[in-house]
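Using my numbering, the first residue of the sequence shown is number 22, and each one after it goes up by one.
Cβ atoms here follow ideal geometry from the backbone N, Cα and C, with glycine treated the same way.
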Amino acid sequence: MEGQSSVNGVSELKSWRQPPSAEITIYELLKTDHQEILDFCEKIRDHDDPRSAEVADLFSDLKKLLTAHTKAEEMVFYNALHDLSIEFQDDDLRFDVVESFEEHHLMEQLLRELSFLDSGSLPWMGKVKVLHETLERHITREEQDLFHEAQQGAESLGGRSLAEEFLEEKEAWMADWH
Ligand SMILES: [Fe+2]
Ligand SMILES: [Fe+2]
């Protein structure tokens with residue numbers, strides 16, 4: 022069921038349990054989430070019983086983490102990059118940000134459609150595969166292009182504690198999840 026944690030009520034969302042550290046950067050936080058999101062997709066793909074309750078729980082955890090991650094990422098990271106693109110009149114960066122928002126929108130749509138299908142059914146597995154592939158492409162682009170753009174404009178972003186803002190925003194989404 023949506024919002025419930027995994028088997029025995031113990032959440033598998035490792036990154037959420039990590040205490041914020043003073044030195045941790047926004048890039049490390051985003052990368053940790055990305056890895057965890059892809060791990061969920063792989064566990065679902067490789068499970069030997071797609072119709073099991075365990076797979077349904079894995080999807081529930083994936084949906085929760087992916088939603089909290091993308092919302093916090095938009096609020097904090099994408100908006101900071103958008104500000105940078107305006108400051109430097111960088112239309113390529115602005116386009117990259119718009120494209121990233123669109124990819125999030127697509128993932129959100131896939132998650133919603135998945136919720137209406139029988140977990141583990143063939144149509145459900147097909148849609149999970151498309152979500153997984155979309156995520157792989159999106160994450161690669163984010164870590165290669167967007168991280169690079171943000172690091173180049175680091176001086177302009179310097180006054181903002183993006184890591185802290187991201188964690189706060191993400192935790193608020195996780196806490197409100199039901
Ligand atoms: Fe991301
Ligand atoms: Fe993203």
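Of the listed residues the options, nearest to residue i (C-alpha basis)
i: Asp70; options: His169, Glu170, Glu164 and Ser140; result: Ser140
i: Leu105; options: Met195, Ser81, Asp82 and Phe168; result: Phe168
i: Val151; options: Phe109, Leu132, Tyr48 and Asp78; result: Leu132
i: Asp117; options: Gln165, Gln130 and Ala175; result: Gln165
i: Gln173; options: Ala101, Glu129, Lys148 and Glu134; result: Ala101
i: Lys92; options: Glu44, Asp112, Val76 and Leu51; result: Leu51
i: Ala77; options: Glu44, Phe137, Asp111 and Asp113; result: Phe137
i: Asp111; options: Ala171, Glu192 and Glu44; result: Ala171
Residue i beta carbon near ligand 2 (any heavy atom closer than 8 Å)
i: Ile160; result: yes
i: Thr46; result: no
i: His126; result: no
i: Glu190; result: no
i: Glu163; result: yes
i: Glu94; result: yes
Range of the contiguous alpha helix (DSSP H) that encloses residue i
i: Arg158; result: Leu143 to Arg162
i: His103; result: Asn100 to Glu108
i: Arg72; result: No alpha helix (DSSP H) contains Arg72, which DSSP labels as neither H nor E.
i: Leu138; result: First-last for Leu138: undefined, no H or E at that position.
i: Asp166; result: Counting along the chain, Asp166 falls outside any alpha helix (DSSP H), and DSSP gives it neither H nor E.
i: His55; result: Ile47 to Asp67
i: Ser182; result: Taken as a continuous stretch (DSSP letters only), Ser182 belongs to no alpha helix (DSSP H), as it is neither H nor E.
beta-carbon residue i near ligand 1 non-hydrogen atom, thresh 8 Å
i: Glu170; result: no
i: Thr155; result: no
i: His19; result: Since the first and last residues shown for the chain are 22 and 199, residue 19 lies out of range.
i: Leu114; result: no
i: Leu105; result: no
i: His199; result: no
Own chain, CB closer than 8 Å to residue i, minus 5 neighbours either side, in chain order
i: Ile107; result: Arg115
i: Gly24; result: With a pLDDT of 43 at Gly24, under the threshold of 50, the modelled position of this residue cannot be trusted, and the question is left open.
i: Leu127; result: Thr155
i: Glu134; result: Lys148
i: Thr88; result: Glu129, Leu132, Trp194 and Trp198
i: His103; result: Arg115 and Val118
Close beta carbons around residue i, own chain, < 7 Å, minus the five adjacent residues each side
i: Val97; result: Leu183, Glu186, Phe187 and Glu190
i: His153; result: Cys62 and Arg66
i: Ile47; result: Phe98, Leu183, Ala184 and Phe187
i: Met146; result: Pro71
i: Leu143; result: none
i: Phe10; result: Missing from the structure shown is residue 10; the chain here goes from 22 to 199 and no further.
Proximal residues to residue i (C-beta, below 6 Å), its chain only, five neighbours per side dropped
i: Met22; result: Because Met22 sits at a pLDDT of 40, beneath the cut-off of 50, its placement in the model cannot be relied upon, and the following sentence gives the value as read from the coordinates. Within the same chain, Met22 has no close Cβ partners at all.
i: Glu124; result: His159
i: Ile45; result: Ala184
Minimum Cβ-Cβ distance from residue i to chain D less than 9 Å
i: Phe61; result: No chain D is present in this structure, which holds just one protein chain.
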